[in-house]
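Note sheet for the following structure.
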Amino acid sequence: MSLWQFFLTIFKISSITFGGGYTIVPVVRDAFVDQYELLDEEEMLDLTALGQTVPGPIAVSVALLVGYRLKGRRGALSGLLAAILPPFIIISILYFFYEAFASNVWVRAGLRGMSGAISAIMINAVYRLAKVSLRKHRLFSALLMIATFIISFFTSINKALIVFTLGLVGYLMFTFVPKDKIP
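According to the numbering used here, the sequence shown holds residues 71 to 253 in order.
Set out below in structure tokens:
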């Protein structure tokens with residue numbers, strides 16, 4: 071895949087995925103794992119996990135990291151631009167038509183309908199990522215997932231702090247404990 075093809079792929083994905091960063095992850099996964107077979111499931115999971123730990127929108131982080139993994143620095147820049155240009159263009163256009171769109175009943179109904187579809191896409195992404203994550207070190211991975219859910223659902227702790235802290239726990243565990251000793 072050329073750098074231009076990579077840019078166009080991410081640009082198209084970014085153009086059609088609405089609802090936040092987590093909606094882009096399964097579409098990027100389908101493109102680069104299933105369609106083009108440039109990444110495997112575990113690589114995609116690792117890039118997604120890393121994308122969650124860095125500041126900023128996950129859609130941009132994942133596009134940047136996939137680009138870096140496939141094409142180096144130029145791929146990272148290409149992924150970054152391809153991920154941010156479509157929303158920038160769309161928002162710039164909508165800015166000029168805000169009054170007409172904001173009060174339009176059809177637009178509001180369409181956005182409400184999209185929220186249900188986006189929820190389904192996010193659930194699918196969580197399921198796929200959990201399935202891959204639980205292949206190895208099932209108990210440890212399951213405990214991290216459960217801890218993340220409980221802490222984020224039942225406390226008001228900043229989500230970025232939760233992801234960073236539990237990411238650090240995972241990093242320390244896999245760095246200092248032999249892999250065959252991790253449950």
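Even glycine gets a Cβ: it sits at the ideal position worked out from N, Cα and C.
- Linking Glu112 to Val247 through their CA atoms gives a straight-line distance of about 20 angstroms.
- Rounded to the nearest angstrom, the Cβ distance from Thr87 to Thr79 is 12 angstroms, too far for a contact under 8 angstroms.
- In the structure shown, Phe171 adopts helical secondary structure according to DSSP, grouped into three states.
- By the criterion of at least three beta-carbon pairs nearer than 8 angstroms, the stretch 127-138 is in contact with the stretch 150-165.
- Here DSSP, grouped into helix, strand and coil, assigns Arg205 to coil.
- For Tyr165, the enclosing alpha helix (DSSP H) starts and ends at Ile128 to Phe166.
- Contact annotation: the stretch 232-248 touches the stretch 202-219, with at least three C-beta pairs closer than 8 angstroms.
- For the pair Ile161 and Gly89, the CB atoms are not nearer than the 8 angstroms cut-off.
- Between Pro96 and Ala195, the gap from beta carbon to beta carbon is short of 8 angstroms.
- Excluding residues up to 5 positions away in sequence, Ile232 and Leu236 lie with their Cβ nearer than 7 angstroms to the Cβ of Thr218 in the same chain.
- The beta carbon of Ile83 sits closer than 7 angstroms to the beta carbons of Ile94, Val97, Val98 and Ala101 from its chain, once the five residues preceding and following it are set aside; these are given in chain order.
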